[in-house]
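Report on the structure given below.
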Amino acid sequence: MSGPPSPGRGLGSAKVEVKGLRVSFGREEALRGVSIDVAANRILGVIGPAGSAKTTFLRALDRMNELKIGCRTEGSVLLDGEDIYLPTCDPVALRKRVGMVFAMPMPLPMSVYDNVAYGPRLRQGREPSPKAKVDLDELVETSLKAAFLWDEVKDRLGGSGLMLSGGQQQRLCLARTLAMRPELILLDEPCSGLDPISTARIEEALSILKERYTIVLVTNNTKQASRVADETAFFLMGELIETGPTARIFLNPSDRRTEDYVTGRFG
Amino acid sequence: MNAHKLSQRVAVALLGGATLLTLAAVAFVIFFVLEKGLSQVNLEFLLSKPRDMGKEGGIFPAIAGTLFLSLLAIAAALPLGVGTAVYLAEYTRENGFTRALRFGTDCLAGIPSIIFGLFGYIFFVTTLRMGWSLLAGALTLAIMVLPTIIRSSEEAIRSVPESWREVSLSVGATRWETVRKVVLPSALPGIVTGVMLSFGRSIGETAAVIFTAGSSFRMPRGVFDSVRTMAVHFYILAREGISTEKAYGTAAVLVMSVLAVNVLTYWLMHRFIARRAR
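Protein chains in written order, with my numbering: chain H, 1 to 267; chain X, 1 to 278.
This is how it looks when you write it as structure tokens:
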């Protein structure tokens with residue numbers, strides 16, 4: 001699959017720069033001034049106990065928070081150096097560049113094929129040319145293969161996405177995201193409802209996908225972060241406590257609270 | 001036997017009794033009408049024109065008139081109603097305006113149909129000079145069934161899981177693309193139910209129609225021709241004492257039409273749900 005590497009930026013340069021990000025819902029401040037960079041072609045793991053605003057952080061990166069009533073965002077999020085919170089930035093166009101996989105497997109009520117083709121079709125006209133149809137078939141196949149799902153569904157692409165198992169559904173959602181050829185993939189506890197085998201499949205997919213994409217993975221499972229993340233960020237009560245290479249965060253954290261969390265003393 | 005067991009049994013007995021009584025009333029009405037009218041119903045009755053004011057002959061123009069009028073009414077009410085429902089459910093947040101709108105539609109639903117007839121007569125027939133016509137009758141019926149369509153569509157749209165909308169928006173779909181490709185297809189069974197209920201109501205409506213569509217029993221040639229529906233035909237035959245037998249015959253056809261619409265609705269819905277859940 002030909003995912004676009006960010007132009008003019010080498011491995012390790014920042015794909016996303018978050019500066020002083022604050023998000024509040026009504027009077028409640030969820031995210032309290034977070035600044036962090038996400039390096040290109042790396043996996044950033046975001047860990048922290050429930051209620052530490054990991055998901056709010058994630059959803060701020062493709063402006064999904066603003067769909068909720070009473071949400072206010074301050075600070076800036078630069079994607080390839082451009083602030084996505086400027087009034088000139090169109091959230092619909094932004095979300096085509098940034099893919100998201102939600103915590104619960106959430107196939108749309110349509111066939112496996114249509115689920116994967118949903119995003120790409122939004123860019124096509126009403127009457128796609130025969131060539132566009134062939135291209136779409138190809139894109140669906142490569143996306144399903146990249147999500148390690150192709151072999152299990154290739155004979156029932158026309159069947160409903162809702163009839164797959166939970167683990168298959170989540171990989172279908174990953175394939176749906178990949179089919180958009182996003183530059184940045186956001187995953188919100190993608191394995192929280194899955195069995196160990198499905199989880200392993202998803203983790204396997206992620207470690208291959210990071211060659212082409214930049215990935216932010218929110219997880220409640222610290223072991224998962226230690227397995228797949230290159231960098232890890234620890235959130236607590238809406239604040240970023242510490243971030244750094246995963247090995248350092250787990251073996252030699254500089255903050256006491258990080259140490260307590262990764263060693264399982266709370267959370 | 002202790003007290004709460006007794007109260008449980010009494011409750012079950014009363015609830016069961018209420019259900020039974022309801023069913024019995026419906027069954028009795030249907031049986032009564034069919035028993036009196038079915039002997040009149042044959043192919044000739046269904047397919048020929050009335051003669052001698054309806055004392056002889058059939059009711060074909062009335063069947064056609066009923067069908068045209070109801071279809072036209074739904075054709076007018078469907079886009080308006082579903083559009084309003086989509087707007088209310090997808091594009092507005094709950095505020096004074098939406099509450100007022102919802103209150104308005106609820107009031108509209110409670111107004112007796114003869115008032116709609118009167119309004120239709122003054123507005124469509126007289127002021128807009130449509131005369132007694134298919135069009136005036138259909139528009140009046142459309143206003144009458146709008147609340148049902150709006151309410152059932154809104155309920156159906158709101159019951160579509162929020163997460164599906166989020167997924168659609170997260171891959172870069174606009175609100176409208178999300179409504180078109182995800183929300184409306186999922187809400188379709190609920191919308192269809194409302195529409196079919198409205199259709200059934202239009203078929204049986206008398207008071208709103210007699211003032212607006214008139215009572216001519218010639219075949220209509222266009223939307224500005226007057227038509228007589230089965231309900232109106234029945235009313236006139238019975239009221240003017242023209243023919244009790246033919247009146248009951250008409251009633252039997254009317255009742256069977258309404259039943260057929262309802263059965264068709266359920267069949268369509270089950271088929272639709274089964275197809276999607278495949």
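All C-beta atoms, glycine included, are put in the ideal place defined by N, C-alpha and C.
Extent of the continuous beta strand (DSSP E) run through M230 (chain X): Element bounds for M230 (chain X): not the beta strand (DSSP E) but the alpha helix (DSSP H), 230-239.
Where S198 (chain X) falls: helix, strand or coil (DSSP): If DSSP states are grouped into helix, strand and coil, S198 (chain X) belongs with the helices.
Residue nearest to A173 (chain X) in terms of C-alpha spacing, selected from H:Y118, H:S192, H:P182, H:T232: Answer by Cα proximity: H:Y118.
Interface flag, L122 (chain H) vs chain X, CB-CB below 7 Å: With 7 Å as the cut-off, L122 (chain H) counts as an interface residue toward chain X.
Cutoff 6 Å; reference I242 (chain X); Cβ partners in own chain excluding five residues on either side: Same-chain partners within the cutoff: M53, G54, K55.
Neighbour list for P109 (chain H) in chain X, Cβ cutoff strictly below 8 Å: Under the 8 Å cutoff, chain X gives W164, V182, P185, S186, R276.
Against chain X: residues of the stretch 167-196 of chain H by CB proximity under 8 Å: The stretch 167-196 of chain H vs chain X, Cβ under 8 Å: C173, R176, T177, M180.
Proximity below 7 Å, CB of I157 (chain X) to CB of V183 (chain X): Contact check for I157 (chain X) against V183 (chain X) passes: the beta carbons are separated by less than 7 Å.
K5 (chain X) versus A24 (chain X): straight-line alpha-carbon distance, rounded: K5 (chain X) and A24 (chain X) have their C-alpha atoms roughly 28 Å apart.
CB of T73 (chain H) within 7 Å of CB of V23 (chain H), strictly: Yes, these two residues count as a Cβ contact at 7 Å.
Buried or exposed (CB count within 10 angstroms, at least 16 for buried), M106 (chain H): Burial state of M106 (chain H) is buried, judged by a 10 Å Cβ sphere holding 16 or more other Cβ atoms.
DSSP state of M100 (chain H) mapped onto helix, strand, coil: In the structure shown, M100 (chain H) sits in a strand (DSSP, three-state: E or B).
Within-7 Å CB hit, M106 (chain H) to chain X: Yes, its Cβ sits closer than 7 Å to a Cβ of chain X.
Nearest neighbour of I30 (chain X), chosen from X:W267, X:V261, X:A274, X:L254 [CA to CA]: Checked all of X:W267, X:V261, X:A274, X:L254; the closest Cα to I30 (chain X) is X:L254.
Own chain, CB closer than 7 Å to G16 (chain X), minus 5 neighbours either side, in chain order: Take G16 (chain X), set aside five residues on each side of it, and no residue of its chain has a beta-carbon closer than 7 Å to its own.
Three-way DSSP call (helix, strand, coil) for L186 (chain H) in this model: Note: L186 (chain H) maps to strand in three-state DSSP.
Integer Cβ distance of A238 (chain X) from I114 (chain X), believed to fall under 8 Å: The beta-carbon distance between A238 (chain X) and I114 (chain X), rounded to whole angstroms, is 17 Å. This is too long to meet the 8 Å contact definition.
Distance, F124 (chain X) Cα to L139 (chain X) Cα: Approximately 8 Å between the Cα atoms of the pair.
Residue burial classification, L206 (chain H) (beta-carbon count within 10 angstroms, cutoff 16): Counting the other CB atoms within 10 Å of its CB gives L206 (chain H) a total of 16 or more, which places it among the buried residues.
Distance, M196 (chain X) Cα to N262 (chain X) Cα: Looking at the backbone, the Cα of N262 (chain X) and that of M196 (chain X) are separated by about 7 Å.
Where K85 (chain H) meets chain X, residues with beta-carbon distance less than 8 Å: The amino acid occupying residue 85 (chain H) in the given sequence is Tyr; Lys does not appear at that position. Residues of chain X passing the Cβ test: none, with the nearest at roughly 17 Å.
Helix, strand or coil at T243 (chain H) according to DSSP, with G and I counted as helix: Reduced to three states, the DSSP call for T243 (chain H) is strand.
Any C-beta of chain H under 7 Å from that of S170 (chain X): Taking a beta-carbon distance threshold of 7 Å, S170 (chain X) counts as an interface residue toward chain H.
Within-7 Å CB hit, V29 (chain X) to chain H: With 7 Å as the cut-off, V29 (chain X) does not count as an interface residue toward chain H.
7 Å Cβ cutoff met for L217 (chain H) and G45 (chain H): Yes, the Cβ-Cβ distance between L217 (chain H) and G45 (chain H) is below 7 Å.
Test item: CB-CB of L79 (chain H) and V18 (chain H) under 7 Å: No, they are not a contact pair.
Cβ neighbours of S52 (chain H) in the same chain (closer than 7 Å, five flanking residues each side left out): Correct list, in chain order: F235, L236, M237, G238.
Classification of Y213 (chain H) by the beta-carbon crowding that lies within 10 angstroms, buried from 16 upward: With 16 or more other Cβ atoms within 10 Å, it is buried.
Which of helix, strand or coil DSSP assigns to R32 (chain H): In this structure, R32 (chain H) counts as strand in the three-state DSSP scheme.
Cβ pair G33 (chain H), G20 (chain H) closer than 7 Å: In this structure, G20 (chain H) lies closer than 7 Å to G33 (chain H) by Cβ.
The stretch 177-193 of chain X touching the stretch 98-118 of chain X, judged by at least three CB pairs closer than 8 Å: Result no; under three Cβ-Cβ pairs closer than 8 Å.
Simplified DSSP assignment, three categories, for D260 (chain H): Reduced to three states, the DSSP call for D260 (chain H) is helix.
Test item: CB-CB of E44 (chain X) and G58 (chain X) under 7 Å: E44 (chain X) is a Cβ neighbour of G58 (chain X), given a cutoff of 7 Å.
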